[in-house]
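Inspection log for the structure reproduced underneath, given as structure tokens.
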Amino acid sequence: MTYVANSIVTVDGKEYRPGDTIQTPTDSKALGILVGIGYVIQRPCIDDAQQTAGQADAASEAVTGNFSRSELETMTKANLQKLAADLGIDAAAELSKAKLIDAIASVEVGVPIQESE
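Just add 167 to wherever you are in the sequence shown, counting from 1, and you've got my numbering.
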């Protein structure tokens, strides 16, 4: 699970701005509180088991896959609705949590390949 600042927050002594990925252990008490009040949001990672290794697109240098259903199930409905809207899923506000998970899990997403230096 990836945690992203939704506001200016300080987690374990480090300041993060909206959109920053938070680099801290997931068992951080401060992180749990900030997620609970909405200052930090959870974003699922692409599940390695669901990635198809052969789907690397040489032209765009990206790997495609789907979001992990198990990680989606840990998210709140509000966070699922935000993610669904970001993915362009129509009528996300009207879907149940189960339908949101189905819709998000069915979307194929691309992740840029980062070359090591």
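For each residue, glycine too, the CB sits at the ideal point set by N, CA and C.
Please return the same chain residues whose Cβ sits closer than 7 Å to the Cβ of Val-178, not counting the five positions on each side in sequence. Ile-189, Thr-191, Ser-195, Ala-197, Leu-198 and Leu-201
Just the C-alpha distance for Ala-265 and Glu-238, rounded to the nearest angstrom, thanks. 13 Å
Local conformation of Ala-197 per DSSP, three classes: Of the three classes helix, strand and coil, the one that applies to Ala-197 here is helix, per DSSP.
Give every residue of the same chain whose Cβ lies closer than 6 Å to the Cβ of Leu-267, excluding the five residues on either side of it in the sequence, and list them in chain order. Leu-247 and Ala-251
DSSP on Ile-175, reduced to helix/strand/coil? coil
Assuming Arg-132 is part of the alpha helix (DSSP H), what are its boundary residues? As shown, the chain starts at 168 and ends at 284. That puts residue 132 outside it, with no answer to give.
Beta-carbon within less than 8 Å of Asp-187's beta-carbon, same chain only, minus the 5 sequence neighbours each way: which residues are those? Closer than 8 Å at the Cβ level, and outside the excluded window around Asp-187, lie Val-171 and Ala-172.
Coarse secondary structure for Val-202, derived from DSSP in three states: helix
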